[in-house]
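Using full-length UniProt numbering, the letters of the sequence shown map in sequence onto residues 1 to 1132.
C-beta atoms are modelled at their ideal positions from N, C-alpha and C, and glycine is treated no differently.
In this text the structure is predicted, and so the values were computed from the model without any measurement.
The structure under discussion appears below in the form of C-alpha cells.
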Amino acid sequence: MASAPITLLARRVGKNVPKPEIEAVFSRYGSILEVQLTPGRSANLAVVKFAQKKEAEQAVRGCNGVHWSDGSLIVSELDLAEDEDQDSGSANVPPPPPLPSRQTQSYSNEPQISRGNDRNNPHSNTSSGYPQQPRQTPNERYSPYDIQPRKNFPIQEWQDSTGSGSGREPGRYSSSSREETRAAGRYSSQRERSPPRQEWSSQGRDRTRQEDLYIKPEPISRAPNAQPPQNMDWTSSAGIAGQAMGLSRDRAGRPGFGTKGQAIRIWANSYALSFDIPSRDFYQYDISVKPDTIRAVRRRVIEQWAKETQNIAETDAESILWSVRELDIPVAGAEFSVVLAEDDARRKPQKFTIKIRFTNMLSMGDLHKFVNNQGPTEVPRASLTLLQLILAHRPKMIYTSFHKSTHWGFYDAYTPSFIKGGLILGAGYQQSVKYTLGTLLLTIDVSNTAFYPCGPLMDLVARVFNKTRIQDVDRRSLQPGSTEMARLSRFLKNVSVTASNIKRNYKIRGISDKTSKTFRFMSREQGVGMVTVQKYFSTNYNINLRYPDLPCVICSEDGQIVLPMELLDVKVGQRHQGKLSDIQTTDIIKLTAVRPDVRLRKIQDGRLELHDCGGSEPPTSELVKPWGLNVSKEMRMVDARVLSAPVVTGGRNSTITPCDGGLDYLHAHNFKFFHGIPLEAWSIAVFGNDRNINMKAVEDLFSKQLPMECQKRGNAITARRFTDVLIFQDHNAVEATLLEANRVALFEADKDPNSAEYGCAQLIFCIYEQKGDFYDQVKYLSETKLGLMTQGLLATKLFKKTFVGKGVPTNLALKVNAKIGGINTTVDGRYLNKLSQWGTIPTMILGADLSHPPAGAKEGLSVAAVVASMDRAFVTYRALERIQGGRVDSITDLKGMVIEHAKQFHAINGCLPRRFILYRDGVSEGQLQEVGLQEVGGLRSALRELGIPDAKITFVIVSKRHSHRFFAADQRDADVKNGNLKPGTVIDKGNFHFDSNLETIIEFTLMRSTGVTHPFEFDFYLYSHAGIQGTSRPIHYHVLMDENQFSADEFQEITYSMCYTYARATKSVSLTPAVYYAHLAADRARYHRPGGVNGSESGTGGSIVGGSSAEAAAIAEFHSVMDSIKAKMYYI
C-alpha cells in the first residue's frame, strides 16, 4: 500500500529564487505533487508536497532539525539561498549544505556575527557562533560591577569620562577586545564567559558583605564627546521615539520561541474563527442620526432601519455602518425616516432621520494577511471592530450588554447575588476577538460585575446601610447633612430611576438636605404660593407619602426637580462605576473564586449559551452565515512549557529550592536573610482606643514572636520595654505622637536625637484600631514632613482574640528588614548574569505604573511612579512619583525620573547603567503604540542628556487585565492543591516542534497554528505564582522594543526568576517585582497631601480635568518624599 502524500516545509528561501528552480532542486528526490511559494519579510517560504514519505526523507538527509509534526516533515536548517548552485544533477546528489543563521542587527560599525549555538554549521567561525577571539586573562575581564571587585585594577576603567586610562572610544564602557566580542549584542549559551565567580553562591557570605552588591561611588562625569547615532532626529521626543522604534509601526519582532522547560499541553478559552472566503469584502458607510441622541438610542434607530429595509448590517452606533451587500443609494448618500416607539405608551413615538453615504470597501483580506505575517504590521482595527459586532449580535438579544474597545460583556442582571453596601453581583461572560499566527480567535471567559439592584429606591438605600427595610435603618444615619447622607449622595449619583406616579425617567443628581415635609417650593398654580413636597403630591396626585421624613432626591442639574424617595424605582441593568470597598471586594472574591475545572465548564457552557442554545434567538452560526463567518465549537489546545524555579539564596550558606512557587520560610529554620540589618532604634505607637485592641497580643508579638523570628533570619531586633508603648486617640496629635515615638526609639537605643547621625529612628510600628484617616495622616506626615520610616499594623487583621495570626511574625520580619535597608533574598547567579551579561554591563531594571483615579472620583489626578534597581542583584528599588493632571495615558515626566534614578545609580555604583529594562504596567491594548512611542522617546531623551545615547533599551508592557485563561489538559500537570497551572508555566507558541536553532517561524510558515500569542511580535504569557484560591490568571508580557536582543528563553527565565525576589512575600508573586513596587509607590503617593487620599478640606473639590489653574492647585497639594527616606523602600 502506497504511503500518503507528505509535505516538506523548507526554511528560508532567497527572495529572488524563482519557483522553477525550487522545483528543479527537489525533483531530484522523487515525484513532486505541488510547490507553494509564499513571500516573507526577509525570505520566502517553500512548501513542497511529495508523493512518498521516503522521498521527502531523502530530500532532507543530512539536514539539521528534522521533525515530524501533524503528518508533515519539518526542517529547520534547509536553506535555498539566492547565490547557491541550483544545478539539477542526478538524484543521488545530496542536498545543498545549510547556510548560517540569519544575521542580527548590529549596533556598532563592527562586523556582524551570527547568533545562536550552531555547532553543526560549517560556516560558523566557532562553536559559539562568534568570531574566534584570543583568550582573555581574568584581569582583562575585570569589572567593578562585579560583586567582589578584583584587586590591582582601578575603578577608573568604568568611569564615563574619556580623558583617562586606556584612551577608549568616547562613551564606551569596556575594553575594545570585549567590544568586538559583543558586536552583535545577541546571546549564546556557549559564548566566552568570565572566570567562575564564587560570590554568586552563598558560600562565605554574611551580612557584612552587603556592600559587595554595590560599587564605591566616584564623581559623576559625562562623556562630552559621546555623540548619538548619525541621521537621527534628536530634536524632539517624538523624533527620538520614532527613530528608536524604527520611525514606523514596526515593534520588536519575535526572536524565536522558547525551548526550555517541561513541555505540556493545555486548554485555552478560545475558539477558532474562519471566513469562507478569507479576502471577502464588505461595504462601509458613513451614518448619522438626527436629532442627536445617546448611543443606545442611536443603535436602536439604526437596527430599526435595518429591520425595515431588510438589510444585514452592523454599526458602531457612532458614525460607521457595515453591510453585507451594497445599498441601493446614490453616490451623494440618502436619507431615511425611522419612527421609534417609546416604552411608555402615553408618550408619543420619536421620529429620527438617518443619513447614509458610501465611503469605502472593507476587506477582510488585510486581516488575513496580518495574522499570516504577509501584510500590514498593525492590526486592521476596523476589521476587528466589525467582527466584534457580528459576534455580539446574538448575545446582545439575550443579556444586558456593555461594550469596551476590546471586548463585550454580557450579564444576567435579573438573578444576581447580593453583596454588602447595597450592590448586587451580576454573573455573565465577556468575549473578544483576538488574533494569533495563522488564525483569528473568539475568546470567552466568565465575568462578574457589580450592579445597582433594580426596584424601589428605598430598598437600595436600606441595603446601603446593610438592612433589608428602610424602617430598620438608624434614623440618625438618614438625617440631612450627616456624613452617611453625603456618602449616600455620592453612591447614588447618576443612577437612572423611574417615577412610579408618572412613569418618567430621571437621573439622580444628589440627595437633598431637606425632607418631603420641610422642602418647600413655589407652586405654579395660581394663588397657592409656597408648598411642601408632601403637600404637593397629596394635592396633585392624591398620594399620601408613607415616609415624609426621608430626604428628597434631586433629579436635575439645576436642582429644580425634586422627588420623594419612596416614589422612585431603580432601572434594571445599571453597572456600579465607582470603587468598591474592601468588604465588597472580599464578598465578590468569595462568590466568584472557583476551581479551574469549574471555570472551564462554565466557559464551555458560556459558548453554548451565547452562541447556540441560550434564549429563543437563532444560533450564531445562522446569524453569521451572510457574513461568511464560521465559529469553531472546539476549545483550543496549545503547547506550554514549565520552567524550572531558580535557587533562592540567602546569607551564611543558606539556600531554598522553591516548590510550587513557595519559598517555605515558615519551615526553613536555617534560612538567613541575604543581608539582615539589626533593628535597634524602634518604638511602638497605638492609634485608637486601646480598649478595642488586644494589647496582650501586641506585647506577645513584639516581645517574643517578632524578636525570635528576626533572630532566626539574621536581622536581630533589640528588646524593648512594653511600657514604652505610646497610645493616642487625638487626630490633632498625630505629628506630636510620631515625634515622641521617634524620641523614645532613639533614647532606648542610646542614640542622641539631636545628632545629625542619629536624628531618626530606624522604624516606628504604628498599630491602628481600624483603617481610617489615622493611616492617611501618619503616612503623609512621616514621609513628607518628618522623614520617618513607619510600619503599619491593623489590629483587627493581625490579632485574633488572644493570639497573633499565623505567619504574621515572618511577614513582618520580611517587611522590616527590607524597609531598613536589608536584603531578604536573591536568586541564583545564573539568572542574574543573563541580565547583566555575566557581570560586565551595568544594568537597571525599571518598573513603571500610571494610576488613574477610579470612576466617579472627586478629581481627575493621575499618579505616575517609576522604581529603579540600584544593585546588581536587582532587589533594592528606589521609587519616584509624579502627579499629573487628567487621564493622560503616558507618563509625562519619565525623562526626569530616569535621569534622577541614573544619577543615584552612579552615586552608589560609580558608573551609569548601560542597559535599561523597563516593565510598564497599566497600558491598554489600544494604547500600546502611542504610549510606547512617547515613553521610549522620554527614555531616549534621558539617556542622551546623561551622555549615554548608545545605552540599550528593552521596553515591556505588562498586562494583568486580559481575557486569556488556560487549563491543564492532564491533571498531572496541574497544582495538586487547587488544579491551577504550576508556577513557571509559559505560553508563547502553538504546536510547532522546531529545532532550537530555528530563529523564528513567524516569517516562514503557512501551517495552521494552535497558539494564542501575537502573530509576529515578541510576547508570552507566564504563570509565576501558585494561586491561593480560584483560577489563576497569567501575566501577559509584550516586548515592544528590545535593543538588548534577548532570546525568548533568556527573557522568560529572567522575568520568572525575578518573581522570587519580592521583598514582602514568602512565595513567588504573579508579576515581576518592579511592577509591584511601582504600583505600591503610586498608591502611596495619593497619601502625600493633607487629608490623604480625599485631599484637604480647602482643596479644589469636584473634577479638575477641565481647568489648568484648578489642576495646578490640586497638584500643588502633594508633597515629595523626604530625602532621608527616598533611597529606602518606604512604600512596601
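{"Asked": "Continuous beta strand (DSSP E) stretch holding isoleucine 891: start and end", "Found": "Here isoleucine 891 belongs to no beta strand (DSSP E), and DSSP marks it neither H nor E."}
{"Asked": "Cβ-based burial, leucine 861 [other Cβ within 10 Å; buried from 16]", "Found": "buried"}
{"Asked": "Which of helix, strand or coil DSSP assigns to leucine 880", "Found": "strand"}
{"Asked": "Burial state of phenylalanine 451 (16 or more Cβ within 10 Å)", "Found": "buried"}
{"Asked": "Backbone secondary structure at glycine 926 - three-state DSSP", "Found": "helix"}
{"Asked": "CB of isoleucine 390 within 7 Å of CB of tryptophan 627, strictly", "Found": "yes"}
{"Asked": "C-alpha gap between asparagine 742 and tyrosine 1062, whole angstroms", "Found": "28 Å"}
{"Asked": "Touch test, the segment 934-951 against the segment 403-410, Cβ-Cβ under 8 Å, three pairs minimum", "Found": "no"}
{"Asked": "Residues near residue 1165 in its chain [Cβ-Cβ closer than 7 Å; skip 5 each side]", "Found": "With the chain covering only 1 through 1132, there is no way to say anything about residue 1165."}
{"Asked": "Where the alpha helix (DSSP H) containing leucine 362 begins and where it ends", "Found": "Premise fails: leucine 362 lies in the beta strand (DSSP E), 350-363, not in any alpha helix (DSSP H)."}
{"Asked": "Segment limits, alpha helix (DSSP H) that includes methionine 789", "Found": "Per DSSP, methionine 789 belongs to no alpha helix (DSSP H) and is neither H nor E."}
{"Asked": "Backbone CA spacing between serine 401 and glutamate 609 [nearest angstrom]", "Found": "14 Å"}
{"Asked": "Residue from Glu23, Ser851, Gly421, Tyr877 with nearest C-alpha to methionine 844", "Found": "Tyr877"}
{"Asked": "Contact check, arginine 599 vs valine 446, beta carbons under 7 Å", "Found": "yes"}
{"Asked": "Outcome for methionine 361 when other beta-carbon atoms lying within 10 angstroms are tallied against a minimum of 16", "Found": "exposed"}
{"Asked": "CB of proline 658 within 7 Å of CB of alanine 640, strictly", "Found": "no"}
{"Asked": "Which residues DSSP lists as bridging phenylalanine 410, in chain order", "Found": "Ser401, Tyr429"}
{"Asked": "Same chain only: Cβ atoms within 6 Å of threonine 1031, ignoring 5 sequence neighbours per side", "Found": "Pro596, Arg599"}
{"Asked": "Segment contact flag, the segment 1041-1058 with the segment 1112-1120, C-beta cutoff 8 Å, min 3 pairs", "Found": "no"}
{"Asked": "Beta bridge counterpart(s) of valine 289 as assigned by DSSP", "Found": "Ile354"}
{"Asked": "Local Cβ density within 10 Å of phenylalanine 370, reported as buried at 16 or more and exposed below that", "Found": "buried"}
{"Asked": "Beta-ladder partner(s) of arginine 265, from DSSP", "Found": "Asp639"}
{"Asked": "Residue environment, proline 349, which counts as buried when at least 16 other CB atoms sit within 10 Å", "Found": "exposed"}
{"Asked": "Residue environment, asparagine 980, which counts as buried when at least 16 other CB atoms sit within 10 Å", "Found": "buried"}
{"Asked": "Backbone CA spacing between histidine 901 and valine 867 [nearest angstrom]", "Found": "8 Å"}
{"Asked": "Serine 69, DSSP secondary structure in three states", "Found": "Since pLDDT at serine 69 reaches only 45, below the 50 mark, its modelled position is unreliable, and the value read off the structure follows with that caveat. DSSP places serine 69 in strand when its eight states are reduced to three."}
{"Asked": "Chain-order list of residues whose beta-carbon lies under 7 Å from that of alanine 306 (same chain, five-residue window excluded)", "Found": "Ala313"}
{"Asked": "Isoleucine 891 versus phenylalanine 282 - alpha carbon distance", "Found": "39 Å"}
{"Asked": "Counted within 10 angstroms of its Cβ, other Cβ atoms place tyrosine 541 as buried (16 or more) or exposed", "Found": "exposed"}
{"Asked": "Per-residue DSSP class, three states only, for isoleucine 1125", "Found": "helix"}
{"Asked": "Coil, strand or helix - methionine 485 by DSSP", "Found": "helix"}
{"Asked": "Proximity of glutamate 769 and alanine 795 at Cβ, strictly below 7 Å", "Found": "yes"}
{"Asked": "7 Å Cβ shell around lysine 771 - same chain, five flanking residues per side excluded", "Found": "Leu794"}
{"Asked": "Proline 707: first and last residue of the uninterrupted beta strand (DSSP E) it sits in", "Found": "Unbroken run through proline 707 is the alpha helix (DSSP H), 706-713; no beta strand (DSSP E)."}
{"Asked": "Assigned exposure category for proline 376 - 16 Cβ within 10 Å defines buried", "Found": "exposed"}
{"Asked": "Limits of the beta strand (DSSP E) - the one that alanine 865 falls within", "Found": "862-869"}
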